[in-house]
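*Asks:* Here's a structure for you.
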Amino acid sequence: MVEELLIRNGVVYDPINGVKGEKKDICIRDGKIVEEVKNPKVIDAEGRVVMPGGVDIHAHIAGGKVNSGRLFRPEDGRKGAEPKTKVCRVQSGYSVPNTFATGYRYARMGYTFVMEPAMPPLAARHTHEELIDIPILDNAALPLIDNNWMTMEYVKSGDIDLLAAYIAWMIKATKGYGVKIVNPGGTEAWAWAKNCDLNDAVPYFDVTPAEIVKSLAEANEKFEMPHSIHVHGNMLGHPGNYVVTMKTFDLVKGIRAYRDRPVLHGTHVQFHSYGGTRWGDFESQAKAIADYINSNEHVSIDIGSIILGDTTTMTADGPMEYSLYQITGRKWTNHDVELETGTGITPFLYSGKVSVHTIQWAIGQELALLIKDPWKVALTTDHPNAGPFIGYPILISMLMNKRRRDESAEEMHSAIFDRAELPSIDREYDFYEIAIITRAMAAKTLGLAEHGKGHLGVGADGDVAIYDITPEERDDAGKIQKAFLNAKYTIKGGEIVVKDGEVVAAPQGRTFFVTPECDEKLMDEMLTKLKDTFEHYYSVSFANYPVQDAYVPNPYEIRAPWRS
Amino acid sequence: MKMGVKVKLISGRTVAQGQNLDNKLSDEYFSAVAFCELNATDMTKIGVSPGENVKVSTKYGEVVVKAKQGAGNPEGVAFIPMGPWANAVVSGDTKGAGMPQYKGIDAEIEKTEEQVLQIRELMRQYMR
Amino acid sequence: MVQITDVVCPLCGCVCDDIVVEVEDNRVTKVRGACAVGKSKLMGHGRIKSPAIRENGALKDCSYDEAIKKAAEILAAARRPLLYGWSSTVCEAAKVGVELAEEIGAVIDNTASVCHGPSVLAIQDVGLPSCTLGEVKNRASLIIYWGSNPTSAHGNHMKRYSYISKGYFLPGGKKDRKLVVVDVRETKTAKMADKFLRVEPGKDYLVFSALRAILYGYEDVVPDEVGGVSKKDLLEVASMMKEVQFGIIFFGMGVTHSRGRHNNIVNAIQTTRAAHTHTKFNIMPMRGHYNVAGFNQVCTWETGFPFAVDLSLGYPWYNPGETSSTDLLIRRECDAALIIASDPGAHFPGESVKHLAKIPVIQIDPFPNPTTEFADVVIPTAISGIESEGSVYRMDNIPLRVRKLVDTEYMSDEEVMKRILEEVRAIKAKEGE
Amino acid sequence: MQQISLKLKEEVMKGVARIPIVVDSLTPDKLFGKSESEIKAEKVWWGNRQENTGDLFEVGVDGEAGSASEVKIVLEGDLSRVKYIGAGMTAGEIEANGDVDMHCGAMMRGGKITVHGNADCWAGREMHGGELIIEGDAGANLCAMYRGEITGMTGGKVVVEGDAGECVGQYMAGGEILIKGNADILAGLNMKGGRITIEGNAVMPGADMTGGEIIVKGKVEDMMPSFRFVEVTTLDDGAQYRKYSGDLAMTEKRAKGVLYVKA
């Protein structure tokens, strides 16, 4: 690793520190940003766009679900096959790349941190084994804690403190980062081939998804958690679901976060912004959702925008994947996880010739463009659900260039003109706003900024992306896409990992995890019940459940004290 | 002249075979897998009684094993525990699927005076 | 005497993790909770005493260093090497194996190739509606074992996870469940069944299609007898499947090994999908070795493909039937092989063993076996799950960490693989100069 | 016309191991316009190492070609471990004198391949056009898809003079296959278009088919139990056939396949 690095003459976009495209030098020593350096290796950025390393708030990159996707799609695997090089291991896959390709391709886009947003607690070891094998990227994972029997029982009895003790134990046991919610109640119902809407009773548990979301938000805020609850709501992908989405957001209004951050992060909201009553009259309700976000401060979102083409959909939302498979008749994998969650996977082709897909394509971008404050929005494709992450540069070029959007719309199904807003929106993102939705917002919302991610202030990690484009070229959509796909330089922890779009070094990333600190008496009371549950209903023993330290070889621990 | 019976040959796991997985060069393994289970009627047909030797012949080879009576076997179905003796006569052709046919092979079984080869002798055959 | 609880059993795909083991002067002296087969493994057997290299016909003891160096020389020189086995060792060793395969342009394959490889091919065609074993324990009121015989192959399966176990929604255990067995012979498992269907060898495919037709409502086209099973029985089983709240099919090598191979499994899965239009239905392969699933996981996340991965062209190419071990050997493609934690000498068809016996073979294993008889380099290792720890994946892909119960002088599989990789790289570097 | 002859040197297949050679780089498209010495220098994979074509094959070039379609490649010697013969070719002709290894004519789009012998598995895999003649037997997965794909052959014509292995034309969507001998189990598996004609016998033909047609002129062993008999009808050859529709195991909605079996 280079000890000292000086990035000279770059035009820097560092939103967390309010730096809006200033020509500015960046100094790095021993992997951290510093005021000045003595005899550094110098990179002349020559007026190119310079940003902090990218931070992805939500991409399925590791774990049993992702690997089942790889395993059952050799036809996707062969698409991305590349031989090993002096630096890189073998690569394969397009929508479900192998772990090595995942690290290399993100790094080539200038990203240095990715959040794996759906870790089944019982299979957490698997998620961590894959994270170990993803080069370069720092990472973290969110355990699924909403369909768990223990959660639902505490929600039913209203013991928020004991629920907090349970999530504290779960996050610790899984070396996780926060609370993930996916189709609350619906995934448990799916174990009986059923589903739940927001206010339906979960079969046999006599609680509603609404109660689960509210209780988990309250329990989460019992600690100084870096991140809010991370919510994939009910009825994903159903026409008319935008109402459910807003009702879900409303549930947690008034809950007080311990610091300046939302109390709920709504993920891949494109899939939750649907109007109409069936596919026939399907339409965009992105505007309604955007209006809600614009007039409320307690919710942040990521867009989950569509990339046209073939992809692999995967989620803990089992019933949703089943209905998708019912539409396509293609291969379908389901994997329900005892007492906790589930998994559904099926391939899907988004076609610009299909009205519904076209409207979906519009919705993701509409959300980004209609929500006024970019600090409330993160750019995602819910990789690989709405499309693979290597499609980000396409999205960036769309958001920055109305002409490109209009040209694309012309090529697509006419439904985009009468059942979506996109063609009527003139807004164009600038580099500063792009820097917000691809790094700063995610770092802030995840509570990672104070841990050195997503900005270039003194003391921050030496994670820097230098793109081969100048501010003057902001109208060249093609060049923007090219520049954001293959960074001129990506620097990770002060080490040059990408040069001229090629991976030149592949160091190990770190895994961030949170340790919520819970009152011991509470914990003991909760454990009595938990151990009994293991004894009678789990298929593994309590002693073998928690993730051993061996699975987090490069740990970064964040403590979350109990709020008195 | 040859007094054989035509069967579908199956190979598979047994408890004793599993117990000696790490113990294959032993007598226990030999007695756990070097036999062929036949239906009583089939045994009478070839005039063999339990403990006597039979020769199992298929398109792919032949092997001598001890005869055993298998209550569960229907007529025309023979069973040899998975292992080198069974594999001496199964088909290696995977038909483009990567998997040999270990089960349901056409075989002829006859009584024989020939001895059952010990594991090392059996392997030596492949080393010629 | 030390008592160790919650021991994870390193034998079959059940990976029972509630075993109690007693250790006295560094030996396992007592085992509670394991099945007969698992107990036998934990109690231990005779070992390979020392590393050895074959010299004019006979194995001659040598040091680890010599054996590892020799192994590396063989592999570095090979034009079509095969790295096979991996199912009775931990994922940590498999990871080094994939790296070695990349380094030397080898084919890497595990025992799934001759076990549930066809199940993987089937999953790649139609997917797998499945669940973890605890779901079966808590919810499954109908259990179907099709071409699988747990009483012989998975001793604790019914007790811990399925027919006999008690679960949240089925507190009565087997009183609350129904058991159906489909097989070509009346096995011990079949004798326990509420309903036993005896199918003619090689006719499973037809039976599945008939069931699907019935489940979709076209029983009118189904003939009176299919593959030895009467239409009456098919209708009965179909209605059992429709009426339960949660059912599961456990299938084994009875279907993967017989005529139809992977397509039998495709059809079993299609049958599950058909049943799923009526109620919750799942299906699961009865994976054999305790970590056969784990290798497939590691190989998939590292190469994109689960087994039979050919790295000879630099990038991964996967095509069982071409890149699978049995084919490579019967076609006499390989010019060297590394065999780890498995015994093709005993478990491959004679035709393939013939070629294996002719080429340089490196064997890495704790125990002597038929493969040792012709191996040219023999490297004994610690027994994973007894003498060394690591990751393994249960038949339902739940990851567990097997323990180290006793100390050993032997190197672990992972250490040996790392040393071989280093040696190979050293040789390559020299060649480079 | 130009004729390029490639004779595999005997020593290449002499060893204990018979290591395959990958020759997708030796098609009329890729060799057109190359001199003899350039062809000799063309790289081919032999196991995990790349070799010069000239080191493995005796190379002869005769005549001139104005385009790839005027190039004919003649392969001689022991070709039973020579893979990907004519893979991806779009024009010209390849003649193989002897048994050929896997993937012969895979992904081919045009031109003609004639095999004077047997072809191993995956001949004509994902073939889109052109003509493939196999004078001997064909292995399994003739004109099938690659693992996990849902489309196999989409166009072109394939003739097998002998027998064919399992899963002929799996996921076939278009084109024509003629098997003059017998077909092993599951011919036309998952078929959705095109036509397979089997002059000999077939076992479990048409399973899971959703389109296209299969004609069996010999006997059918193990007829699928999920097909519906429609009628007895007469085809172009004047003979009477039992017509079935299926596969109902794919549900009535999708069961648009047609199977004719000689009455």
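Protein chains in written order, with the numbering used here: chain A, 627 to 1190; chain B, 12 to 139; chain C, 95 to 527; chain D, 4 to 266. Positions of the beta carbon are idealized from the N, C-alpha and C atoms, including for glycine.
Which whole runs of the beta strand (DSSP E) in the region 139-198 of chain D are 3 residues long or more, in chain order?
*Replies:* For the region 139-198 of chain D, whole beta strand (DSSP E) runs of length 3 or above, ordered along the chain, are 160-163, 179-182, 186-188.
*Asks:* Compare the C-beta of C:I76 against all C-beta atoms of chain D and say whether one is closer than 8 Å.
*Replies:* Outside the displayed span of chain C (95 to 527) sits residue 76 of chain C, for which this structure offers no information.
*Asks:* Return the chain-ordered list of same chain residues with a C-beta closer than 6 Å to the C-beta of D:G159, the five sequence neighbours on each side being excluded.
*Replies:* Result list for D:G159: M130, G132, G133, G178, in chain order.
*Asks:* Take the Cβ of A:E1098 as the centre, count every other Cβ of all protein chains shown within 10 Å, and call the residue buried at 16 or more, exposed below.
*Replies:* Exposed is the call here.
*Asks:* Tell me whether C:F290 sits in a helix, a strand or coil according to DSSP, three-state version.
*Replies:* In the structure shown, C:F290 sits in a strand (DSSP, three-state: E or B).
*Asks:* Closer than 8 Å, CB to CB, is B:G103 near chain D or not?
*Replies:* No - not a single Cβ of chain D is within 8 Å of the one on B:G103.
*Asks:* What residues of chain C sit near A:N960, judged by a beta carbon separation below 7 Å?
*Replies:* Within 7 Å Cβ-Cβ: P223, S224.
*Asks:* Which residues in chain D sit within 7 Å of C:L169, going by Cβ to Cβ distance?
*Replies:* By Cβ distance, chain D contributes nothing, its closest Cβ being about 11 Å from C:L169, past 7 Å.
*Asks:* When the Cα atoms are used, what is the spatial distance from C:P239 to B:Y40?
*Replies:* What sits at residue 239 of chain C in the sequence shown is Tyr, not Pro. Those two C-alpha atoms are separated by around 27 Å.
*Asks:* May I ask you to list the residues that DSSP assigns as paired with C:W240?
*Replies:* C:V276, C:F345.
*Asks:* Please report how far the alpha carbon of C:C108 lies from the alpha carbon of C:H251, in whole angstroms.
*Replies:* Rounded to the nearest angstrom, the two C-alpha atoms are 6 Å apart.
*Asks:* Mind pulling the chain B residues with CB within less than 7 Å of C:F461?
*Replies:* Those are D33, listed as they occur along chain B.
*Asks:* Cβ of A:A1041 within 7 Å of any heavy atom in the ligand ZN?
*Replies:* In the structure shown, the ligand ZN is absent, as is every other ligand, since no ligand is present at all.
*Asks:* For a contact defined as C-beta to C-beta under 7 Å, what are the partners of D:I22 on chain C?
*Replies:* The answer, in chain order, is R173, R174, E427, D429.
*Asks:* Can you grab the Cα-Cα spacing for the pair A:R731 / A:A1061, in whole Å?
*Replies:* Rounded to the nearest angstrom, the two C-alpha atoms are 19 Å apart.
*Asks:* Taking Cβ positions only, does A:R956 come closer than 8 Å to chain D?
*Replies:* So yes, A:R956 belongs to the interface.
*Asks:* Going straight from the alpha carbon of B:L128 to that of D:G120, what length do you get?
*Replies:* Going from the Cα of B:L128 to the Cα of D:G120 covers about 40 Å.
*Asks:* How is B:F152 classed by DSSP in three states: helix, strand or coil?
*Replies:* Outside the shown range of chain B (12 to 139) lies residue 152 of chain B, about which nothing can therefore be said.
*Asks:* Do A:A942 and A:V808 have their C-beta atoms closer together than 8 Å?
*Replies:* Closer than 8 Å, so yes.
*Asks:* Compare the C-beta of B:K106 against all C-beta atoms of chain D and say whether one is closer than 8 Å.
*Replies:* Yes, its Cβ sits closer than 8 Å to a Cβ of chain D.
*Asks:* Using only the alpha-carbon positions, how far apart do B:N98 and B:G72 sit?
*Replies:* B:N98 and B:G72: Cα-Cα distance of roughly 9 Å.
*Asks:* Just curious, the alpha helix (DSSP H) that A:G1120 is in, first and last residue?
*Replies:* No alpha helix (DSSP H) holds A:G1120; DSSP gives it neither H nor E.
*Asks:* Compare the Cα-Cα distances from D:E13 to each of D:E255, D:L145, D:D81, D:D166 and report the closest residue.
*Replies:* Taking only the C-alpha atoms, the option nearest D:E13 is D:D81.
*Asks:* Apart from the five residues on each side of it in sequence, which residues of its chain come closer than 6 Å, Cβ to Cβ, to D:V163?
*Replies:* I137, A141, I182.
*Asks:* Kindly indicate if chain D contains any beta-carbon less than 8 Å away from that of A:F698.
*Replies:* Interface residue, yes.
*Asks:* For chain B, check one thing: does any of its Cβ atoms lie closer than 8 Å to the Cβ of D:A186?
*Replies:* Chain B, which has no Cβ nearer than 8 Å to the Cβ of D:A186, makes this no.
*Asks:* Give me the chain B residues within the contact set of D:C146, using Cβ-Cβ distance strictly less than 8 Å, ordered along the chain.
*Replies:* Under the 8 Å cutoff, chain B gives no residues; its nearest Cβ is about 12 Å from D:C146.
*Asks:* Please decide whether D:C290 counts as near chain C, where near means a Cβ-Cβ distance under 8 Å.
*Replies:* This structure cannot settle anything about residue 290 of chain D, because the visible part of chain D is limited to 4 through 266.
*Asks:* Tell me the DSSP secondary structure of A:Q1107 in three-state form.
*Replies:* In this structure, A:Q1107 counts as helix in the three-state DSSP scheme.
*Asks:* First and last residue of the alpha helix (DSSP H) that includes A:T1137?
*Replies:* Run containing A:T1137: none in the alpha helix (DSSP H); it sits in the beta strand (DSSP E), 1137-1142.
*Asks:* Counting only beta-carbon separations shorter than 8 Å, does C:Y310 have a partner in chain D?
*Replies:* Chain D contact via Cβ: present.
*Asks:* Have a look at C:V122, C:S256, C:Y409 and flag the residue whose alpha-carbon is nearest the alpha-carbon of C:H139.
*Replies:* Looking at the Cα atoms, C:V122 is the closest of the given residues.
*Asks:* Below 8 Å on the Cβ atoms is my guess for D:S229 versus C:S303; work out the distance and round it to an integer in Å.
*Replies:* Sure, about 4 Å apart at Cβ, within 8 Å.
*Asks:* Could you give the residue range of the alpha helix (DSSP H) that holds A:E923?
*Replies:* Neither: A:E923 is in no alpha helix (DSSP H) and is coded neither H nor E.
*Asks:* Between C:K297 and C:G322, how many whole angstroms is the CB-CB distance? I'm expecting something under 8 Å.
*Replies:* The Cβ separation is near 6 Å, so the contact holds.
*Asks:* Among C:E280, C:R292, C:L273, whose alpha-carbon lies nearest the alpha-carbon of C:I258?
*Replies:* Minimum Cα distance to C:I258 is reached at C:L273.
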